[in-house]
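Below is one structure, written out as structure tokens; the observations come after it.
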Amino acid sequence: MDDPGKLKGRPLMENGKRNKKIDVRFSETEYAEILAMEKEFGIARAKLIRMRVLKDSGTIIVNSKELISKLDQVAGEIGRCGNNINQLARYSNILQLKEILDPEVGIQFNKLLIDYISVQASVEIALRKVIRLMGK
């Protein structure tokens, strides 16, 4: 019966074999939530539950498509802020050439611009951290 030339299939796993089973019951809403997560993240149900229970339980699973969309919106808003600042600077230069710009307005504008630059730098640092964490 045992033909030495006949292949016997896949080699047996020695380590990491999953042979223990846990039965868990979920309510309809919990089960629907699990199915939605499975569909949203594209991860098999067993793997999803394993990840949530065993692997870094403090880690949050995020929808990367939605996160990238939100980051894109933030970048767009930063770009619009820069555009508005350029328009204000251009208008103040026109007023200064006509010698009708109050010096106090220029001083206040420079203070606000310095504040904006520091806030923009901190936002960029935070965005880089988020993007770096997405890769992990």
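Counting along the sequence shown from 1, when you hit position 48 you're at 89 in the working numbering, and nothing is skipped either side. Glycine included, every Cβ here is placed at the ideal spot set by N, Cα and C.
Would you kindly work out how many angstroms separate the C-alpha atoms of residue i and residue j, rounded to a whole number?
{"i": "residue 139", "j": "residue 111", "result": "43 Å"}
{"i": "residue 151", "j": "residue 172", "result": "31 Å"}
{"i": "residue 109", "j": "residue 168", "result": "11 Å"}
{"i": "residue 59", "j": "residue 107", "result": "33 Å"}
{"i": "residue 129", "j": "residue 69", "result": "56 Å"}
{"i": "residue 48", "j": "residue 57", "result": "23 Å"}
In the DSSP assignment, the alpha helix (DSSP H) including residue i goes from what residue to what residue?
{"i": "residue 153", "result": "144 to 175"}
{"i": "residue 94", "result": "86 to 94"}
{"i": "residue 113", "result": "105 to 138"}
{"i": "residue 78", "result": "69 to 82"}
Using a threshold of 8 Å, state whether the C-beta atoms of residue i and residue j are closer than that.
{"i": "residue 119", "j": "residue 157", "result": "no"}
{"i": "residue 89", "j": "residue 79", "result": "yes"}
Do you know whose CA, among the options, lies nearest residue i's CA?
{"i": "residue 65", "options": "141, 159, 94 and 105", "result": "94"}
{"i": "residue 61", "options": "91, 70 and 71", "result": "91"}
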